[in-house]
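Visitor: Sequences listed follow chains A and D, in order. For the first sequence, my numbering assigns the number 1 to the initial residue and increments by one for each residue that follows. For the second sequence, my numbering assigns the number 228 to the initial residue and increments by one for each residue that follows.
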Amino acid sequence: MDLIRIRDVRKTYKTGTTAIYDLDLNIKKGEFVFIIGSTGCGKSTLIKMLYREEKPSSGKILVGGLDVGKIKNRKVYKLRRKIGVVFQNYQLLPNETAYENVAFALEVLGLPKDEIHAKVMKVLDLVGLKNKAKQYPRHLSGGEQQRVAIARAIVNGPKILICDEPTGNLDPKTSMEIMEVLEAINELGTTIIMVTHDISIVKKMKKRVVLLDSGRVVRDYKEGEYK
Amino acid sequence: MKAFRILGRNIRDSFKSVFRNFSLSLASISCITITLIVVAVAIILSINVTNFTKIVEKDVTIVAFLDVDITEEEKEDVYDQIIALDNIEMNNVEFIDKMEISKDMMASSDVFDSIMGEWTREESPIQDTYQIKVTDINLINKTAEEIKDIENVDVVKYGEGMVDQLVSVFDVIRKGTYIVVIALILVTAFLIANTIKITIMSRKREIEIMRLVGASNINIKIPFIFEGLILGMLGAVIPIVITLYGYTALYDHFGGQLFTNFIQLVKPTPFIYYTSLALLLIGMIVGMIGSSRAVKKYLKI
């Protein structure tokens, strides 16, 4: 079953630059998909449209049945609750502990304290940071900070996890540790879409790979095809 | 329940933010405090002036002196003509007989008593009068002129000039304070907007994360609106204390009247409580207007 359906999507910015041309793509529930391509090929624009940071200029994007292009600004939060997003620069709150950073995602949704505590401890355990719950981001390594960011992205149980270069600031060993965490999350049923420049990771993971060039899908490799 | 939890969190965040940017908050609070002190003075002044004006207006009477040799029939005719005028209260035209006036004057002084005691009604130079109250004090001049034109009315007096001047001076004071208050409120709202703008800038990352994890727009905006409201409330504290204790002390000090018993001050209770409530509401509204403006302008979500 397709969780994401992209049909004839084109994105032209106000500056006149077209980042995506007539793109078609389907992503099934539970898939792990890498999106690769050179800088400026439209990878970031594509995933930004998935969580409605950008709107498609034409075409249709369906995420979990929601027509992303038609969602009004004040209703975008409904889509965002179905999607977790992880960035290269972690985007953590520096004055909050690892626990508080993760809990923040649930507090803004108005969950009761007990439930927040249980969920936060569960995801911190999943990303291997249960012992560092009280540490501030400045006391954590890059890999650990990214794990906190992943924990925050998945704590409210999104169906989709979008990762924008999550290993971009990490060394190869730490990057693989992060990939192991993402794989574990994927095995629990979360669909993962990851944008990366790191071809070695893509090769090692043997997942589906979508290659973009100049805003178009030029190859769609099935699991294990990309070498 | 969920909504209350979110609301509780928003209020907590707003308080946190007030103290996190304390120097800025203090500047806004000080500005609100100064504005509200002026507002308090304006309210106290305005209500007292209104009260005083009402007392003055209630007591202002036109006295129409009738010709000395006027007949009974002519007196009735004058009465009919007076009550036919627009600005006259039907039951507030009182005839005062000249013998009555003589009696009052004789009772007030032995000198008057010895002189007036010998006058008969025909010999008395004192005139019969009509004491007339008007419905609209602002038209008193015109009404007095109209009464003057009635046949057999000799002289008309109503404290010309003094009443007009008093009313217009009060009006100028009232309008002046309104202008100052409006100007100060605008400055304060602007300052609060600036404080909230800086708060929004300093919490940019937090806002981004809130958006990403699915906080609704209203939940993102509300803490900033609350922050303006809190600044307004904190700014109202000192003006309220001044109103509660200051006005009561002032009232007690002057014994409830200013300079003469002609100018009566408004009693402190419940006046000071209503004024305090008004100050609190003004503080909150100004705070909210300032923060709403900043949220609308700088919080793009």
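Don't be surprised by glycine CBs; every beta carbon is placed ideally from N, CA and C. The model shown is predicted, which means the values in this text are computed figures rather than measured ones.
Using only alpha-carbon positions, find the residue among D:K424, D:T470 and D:I419 that is nearest to D:L458.
Guide: D:I419
Visitor: For the beta strand (DSSP E) that contains A:C163, what are its first and last residues?
Guide: I160 to D164
Visitor: Cβ atoms of D:N379 and D:D294: under 8 Å apart, would you say?
Guide: D:N379 sits close to D:D294, with the two beta carbons spaced by under 8 Å.
Visitor: Say whether chain D places a C-beta atom closer than 8 Å to the C-beta of A:V217.
Guide: no
Visitor: I'd like the list of long-range same chain contacts for A:V228, defined as Cβ closer than 7 Å, with 5 residues on each side in sequence excluded.
Guide: Residue 228 of chain A cannot be examined here, being either before or after the span of chain A that is shown, 1 to 227.
Visitor: Can you tell which of A:G64, A:D213, A:L106 and A:F32 has its C-alpha closest to the C-alpha of D:L439?
Guide: A:L106
Visitor: For A:E107, return the contacting residues in chain D, with the cut-off set at a CB-CB distance below 7 Å.
Guide: Residues of chain D whose Cβ lies closer than 7 Å to the Cβ of A:E107 are, in chain order, R236.
Visitor: Beta-carbon of D:E454 versus every beta-carbon of chain A: anything under 8 Å?
Guide: Output row for D:E454: interface = no.
Visitor: Measure the alpha-carbon distance for D:K431 versus D:I452 and round it to whole angstroms.
Guide: 16 Å
Visitor: Residues of chain D with a CB under 9 Å from the CB of A:F32: which are they?
Guide: The premise fails here: A:F32 is roughly 21 Å from chain D at the closest Cβ pair, so nothing lies under 9 Å.
Visitor: In chain A, which residues lie less than 9 Å from D:I436 when you measure between Cβ atoms?
Guide: Neighbours of D:I436 across chain A, judged by C-beta separation under 9 Å: Q91, L92, L93, N101, F104, A105, V108 and R152.
Visitor: Count the other C-beta atoms from every protein chain shown that fall within 10 angstroms of the C-beta of D:S519, then say buried if there are 16 or more, exposed otherwise.
Guide: D:S519 comes out buried.
Visitor: With a cut-off of 8 Å, does the C-beta of A:V85 fall near any C-beta of chain D?
Guide: With 8 Å as the cut-off, A:V85 counts as an interface residue toward chain D.
Visitor: In the DSSP output, which residue or residues are listed as bridge partners for D:E321?
Guide: Beta bridge pairing from DSSP links D:E321 with D:Q358.
Visitor: Just verifying my parser: in three-state terms, what is the DSSP assignment at D:V440?
Guide: coil
Visitor: Can you tell me whether A:F226 is buried or exposed, with buried defined as 16 or more other CB within 10 angstroms of its CB?
Guide: The sequence shown places Tyr at residue 226 of chain A, not Phe. Its Cβ being crowded by 16 or more others within 10 Å, A:Y226 is buried.
Visitor: Just the chain D side, please: which residues come within less than 7 Å of A:R81 by C-beta, in chain order?
Guide: G441, listed in chain order.
Visitor: What residues from chain D crowd round A:N156, counting only those whose CB sits closer than 8 Å?
Guide: V440 and G441
Visitor: Is A:R74 close to chain D, meaning its C-beta is less than 8 Å from at least one C-beta of that chain?
Guide: yes
Visitor: Does the separation of the CB atoms of D:N444 and A:R74 fall below 8 Å?
Guide: If you check the CB distance, D:N444 and A:R74 come in under 8 Å.
Visitor: Kindly indicate if chain D contains any beta-carbon less than 8 Å away from that of A:P112.
Guide: yes
Visitor: DSSP three-state call for A:K134: helix, strand or coil?
Guide: coil
Visitor: By how many angstroms is the C-alpha of D:Y405 removed from the C-alpha of D:L492?
Guide: 20 Å
Visitor: Three or more C-beta pairs closer than 8 Å, one from the segment 364-372 of chain D and one from the segment 313-320 of chain D: is that the case here?
Guide: yes
Visitor: Hey, does D:N444 have any beta-carbon neighbour from chain A nearer than 8 Å?
Guide: yes
Visitor: CA-CA distance, A:V195 and D:S503?
Guide: Cα to Cα, the separation comes out at about 59 Å.
Visitor: Against chain D, with Cβ distances strictly below 8 Å, would A:Y77 count as a contact?
Guide: yes
Visitor: From what residue to what residue does the beta strand (DSSP E) around A:M194 run?
Guide: T191 to V195
Visitor: How far does the beta strand (DSSP E) with A:K28 in it extend, from its first residue to its last?
Guide: T18 to K28
Visitor: Three or more C-beta pairs under 8 Å: does that hold for the segment 83-90 of chain A against the segment 161-178 of chain A?
Guide: yes
Visitor: Among A:L129, A:E223 and A:P94, which residue has its Cα nearest to the Cα of A:Y136?
Guide: A:P94
Visitor: D:S401 versus chain A: which residues are under 8 Å apart at the beta carbon?
Guide: Looking at the sequence shown, residue 401 of chain D is not Ser but Arg. One finds nothing in chain A with a Cβ atom closer than 8 Å to the Cβ of D:R401; even the nearest lies about 44 Å away.
Visitor: Buried or exposed: which applies to A:Q146, given that a residue is buried once 16 or more other Cβ atoms fall within 10 Å of its Cβ?
Guide: buried
Visitor: Would you say D:A230 reaches chain A, if we count a Cβ-Cβ gap shorter than 8 Å as a contact?
Guide: yes
Visitor: Which residues in chain A sit within 9 Å of D:I425, going by Cβ to Cβ distance?
Guide: In chain order: nothing, as chain A lies at least about 17 Å away.
Visitor: Would you say D:I449 lies against chain A (beta-carbon separation less than 8 Å)?
Guide: no
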